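Protein chains: 2
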Amino acid sequence: MARTGRRPGQTQTRADILAAARNQFAARGYAGATIRGIAAEAGVNPALVHHFFGSKDQVFVTALNLPFNPSRLVDTLLEGPRSRIGERILRLFLGLWEEPVTRLPFFALVRSVTTSPEVADQLRQFIETAVLAKVAAALDLPPLRVTGAAAQMMGLAIVRYVVRVEPMASATEDEVVALVAPVIQHYFDP
Amino acid sequence: MARTGRRPGQTQTRADILAAARNQFAARGYAGATIRGIAAEAGVNPALVHHFFGSKDQVFVTALNLPFNPSRLVDTLLEGPRSRIGERILRLFLGLWEEPVTRLPFFALVRSVTTSPEVADQLRQFIETAVLAKVAAALDLPPLRVTGAAAQMMGLAIVRYVVRVEPMASATEDEVVALVAPVIQHYFDP
Chain V
400 MARTGRRPGQ
410 TQTRADILAA
420 ARNQFAARGY
430 AGATIRGIAA
440 EAGVNPALVH
450 HFFGSKDQVF
460 VTALNLPFNP
470 SRLVDTLLEG
480 PRSRIGERIL
490 RLFLGLWEEP
500 VTRLPFFALV
510 RSVTTSPEVA
520 DQLRQFIETA
530 VLAKVAAALD
540 LPPLRVTGAA
550 AQMMGLAIVR
560 YVVRVEPMAS
570 ATEDEVVALV
580 APVIQHYFDP
Chain P
400 MARTGRRPGQ
410 TQTRADILAA
420 ARNQFAARGY
430 AGATIRGIAA
440 EAGVNPALVH
450 HFFGSKDQVF
460 VTALNLPFNP
470 SRLVDTLLEG
480 PRSRIGERIL
490 RLFLGLWEEP
500 VTRLPFFALV
510 RSVTTSPEVA
520 DQLRQFIETA
530 VLAKVAAALD
540 LPPLRVTGAA
550 AQMMGLAIVR
560 YVVRVEPMAS
570 ATEDEVVALV
580 APVIQHYFDP
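Structure representation (structure tokens):
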């Protein structure tokens with residue numbers, strides 16, 4: 400028999416932590432939930448939550464099956480010249496939507512956010528504290544500018560991948576980058 | 400008794416036409432449905448559909464309870480200097496979202512589009528033929544640029560009004576216009 404690389408007890412514990420996390424985030428929001436509270440509900444030591452996931456951000460990303468990791472986003476923003484930050488972040492974002500493995504959770508997320516005020520609420524707190532605040536600090540920008548860029552990228556995904564409006568849906572990645580990267584650059588490099 | 404200004408028979412006929420229109424748009428899409436087919440399903444003369452609604456666009460807008468009228472959009476685009484088109488269209492759009500009477504149908508529309516592939520399909524055809532093509536023709540622009548602007552405005556509405564991410568949710572209209580109008584201008588006045 401093939402080995403899965405993880406003992407069943409660990410798999411179960413990890414699943415218990417994620418179930419407890421979903422409850423805690425739903426009950427208290429992203430800002431109100433704590434690693435300690437999640438561990439208590441799962442009946443494990445808080446150190447074990449850290450061991451499996453590292454941080455509250457990562458527990459949230461895993462529990463809600465989010466298709467991106469905000470730390471990776473900040474790394475991408477900072478890993479090249481500021482003058483090409485618009486293109487860099489846009490290509491990362493388009494890549495996530497082009498890959499079925501990340502696109503499907505994105506679709507599910509868009510549906511949940513627009514139909515469930517509770518999910519919208521959790522996601523709002525997560526975006527504000529774990530994504531926008533970090534990006535704004537890393538780039539030394541007013542947070543409002545960062546929400547402008549987020550709005551452009553979210554709307555692009557809806558027009559191109561959800562509603563699939565032509566000619567945006569069939570445009571090549573290079574065509575989209577040529578049109579939209581200057582806009583992201585406008586927000587991130589005023 | 401107060402008069403409603405419309406005889407009961409007319410109100411019923413109008414409702415029958417809208418019900419038939421919803422069926423026809425669902426079955427054939429926006430592009431495939433016709434005034435003639437809608438009239439046939441409602442059991443009325445096509446001239447009566449024209450009398451009540453004017454055009455297929457307007458039947459669609461009324462049947463789906465859309466909170467805007469694409470003809471009004473084109474009028475707004477053209478009614479002032481091209482150098483301020485970004486601000487003009489953005490203020491019109493924000494005004495629709497600030498008014499409860501138009502915001503609630505917008506919310507319902509966002510939910511339907513993200514949860515129902517059929518509604519997304521109908522709306523896509525409508526946006527492509529009745530909105531984007533007209534705007535692109537009126538401004539002599541490649542349609543791809545118009546979809547970029549549409550993406551920015553749709554994403555802005557989701558961040559500001561649906562998910563309500565701060566500080567975008569609480570920013571004043573003038574702050575939003577100062578940040579985002581140059582982007583719409585970039586798309587519409589390259």
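If you read the protein sequences in the order shown, they are chains V and P.
The opening position of the first sequence corresponds to residue 400 in the working numbering, with each subsequent residue numbered one higher.
The opening position of the second sequence corresponds to residue 400 in the working numbering, with each subsequent residue numbered one higher.
All C-beta atoms in this analysis are idealised placements derived from N, C-alpha and C, irrespective of residue type, glycine included.
The structure presented is a predicted model; accordingly, all values stated were derived computationally and were not measured.
task = Express the C-alpha separation of Gly494/P and Thr501/P in angstroms, rounding to a whole number.
result = 9 Å
ask   = What alpha helix (DSSP H) runs, 4 residues minimum, are completely inside the segment 423-508 of chain P?
value = 434-441, 445-452, 455-462, 469-477, 484-497
request  = Report buried or exposed for Pro469/P, applying the criterion of at least 16 other Cβ atoms within 10 angstroms of its Cβ.
outcome  = buried
message = So Ala568/P and Arg559/P are supposed to be a Cβ contact under 8 Å. How far apart are they, rounded?
response = 6 Å
key: Ile488/V versus Asp588/V: straight-line alpha-carbon distance, rounded   = 13 Å
ask   = Contact check, Leu476/V vs Leu538/V under 8 Å by CB: the rounded distance?
value = 6 Å
query = Given a threshold of 16 other Cβ atoms within 10 Å of its Cβ, counted over all protein chains shown, does Asp573/V qualify as buried or as exposed?
reply = exposed
request  = Tell me, please, whether the CB atom of Val576/P is closer than 8 Å to any CB atom in chain V?
outcome  = no
inquiry  = For Gly453/V and Gln423/V, I'd like the C-alpha separation in whole angstroms.
reply    = 17 Å
ask   = According to DSSP, is Arg563/P helix, strand or coil?
value = coil
query = Looking at Ile583/P and Gly431/P, is the spacing between their C-beta atoms short of 8 Å?
reply = no
ask   = By the 10 Å Cβ neighbour count, where 16 or more other Cβ atoms means buried, how is Leu463/V classified, buried or exposed?
value = buried
query = Should Ile416/V and Ala439/V be called a contact, given that it needs their Cβ atoms to be closer than 8 Å?
reply = no
inquiry  = At the level of alpha carbons, what is the spacing between Gln511/P and Ala446/V?
reply    = Correcting the residue identity first, residue 511/P is Ser in this sequence and not Gln. Ser511/P and Ala446/V: Cα-Cα distance of roughly 43 Å.
Cβ neighbour criterion (16 or more within 10 Å) applied to Leu531/V = buried
ask   = How would you list, in chain order, the residues of chain P whose beta-carbon sits under 9 Å from the beta-carbon of Leu476/V?
value = Within chain P, no residue comes near Leu476/V; the closest Cβ sits about 18 Å away, beyond 9 Å.
query = So, using beta-carbon positions, are Thr546/V and Pro566/P closer together than 8 Å?
reply = yes
task = Have a look at Phe505/P, Asn444/P, Trp496/P, Thr513/P and flag the residue whose alpha-carbon is nearest the alpha-carbon of Leu503/V.
result = Thr513/P
task = For His527/P, return the contacting residues in chain V, with the cut-off set at a CB-CB distance below 7 Å.
result = Correcting the residue type first, residue 527/P is Glu in the shown sequence and not His. Result: Val564, Glu565.
ask   = How would you call Ala536/V, buried or exposed, if buried means at least 16 neighbouring beta carbons within 10 angstroms?
value = exposed
message = Within a Cβ cutoff of 6 Å, which residues of the same chain sit near Tyr586/P, ignoring the five residues on either side of it in sequence?
response = Arg544, Gly547, Ala548
task = Please list the partners that His373/V has in chain P, where partner means a Cβ-to-Cβ separation under 7 Å.
result = Residue 373/V is absent from the model: chain V starts at 400 and stops at 589.
Which listed residue (Tyr429/V, Gly428/V, His450/V) has its alpha carbon closest to that of Thr412/V = His450/V
key: Neighbour flag for Leu447/P against chain V, beta carbons, 8 Å   = no
inquiry  = According to DSSP, is Met400/P part of a helix, a strand, or is it coil?
reply    = Any reading at Met400/P must be qualified, since the residue scores a pLDDT of 46, below 50, and its modelled position is unreliable; the value itself is stated next. The answer is coil: DSSP assigns Met400/P none of H, G, I, E or B.
task = Measure the CB-CB distance between Phe492/V and Met552/V and report whether it falls below 8 Å.
result = yes
Residue from Gln457/V, Ser482/V, Val509/V, Glu497/V whose Cα sits closest to the Cα of Phe525/V = Gln457/V
query = Helix, strand or coil for Ala568/V per DSSP?
reply = coil
query = Is the beta carbon of Val509/P sitting closer than 8 Å to the one on Arg523/V?
reply = no
message = Tell me the DSSP secondary structure of Asp588/P in three-state form.
response = coil
message = Please report whether the beta-carbon of Arg544/P lies at a distance below 8 Å from any beta-carbon of chain V.
response = yes
request  = Assign Leu529/P to buried or exposed, taking buried as 16 or more other Cβ atoms, counted over all protein chains shown, within 10 Å of its Cβ.
outcome  = Residue identity check: residue 529/P is Ala in the sequence provided, not Leu. With 16 or more Cβ atoms within 10 Å of its Cβ, Ala529/P is classed as buried.
key: Integer Cβ distance of Ile437/P from Ala419/P, believed to fall under 8 Å   = 5 Å
task = Note down, in chain order, every chain V residue with its Cβ under 9 Å from the Cβ of Thr514/P.
result = Arg510, Thr513, Thr514
query = From Phe506/P to Val561/P, what distance separates their C-alpha atoms?
reply = 7 Å
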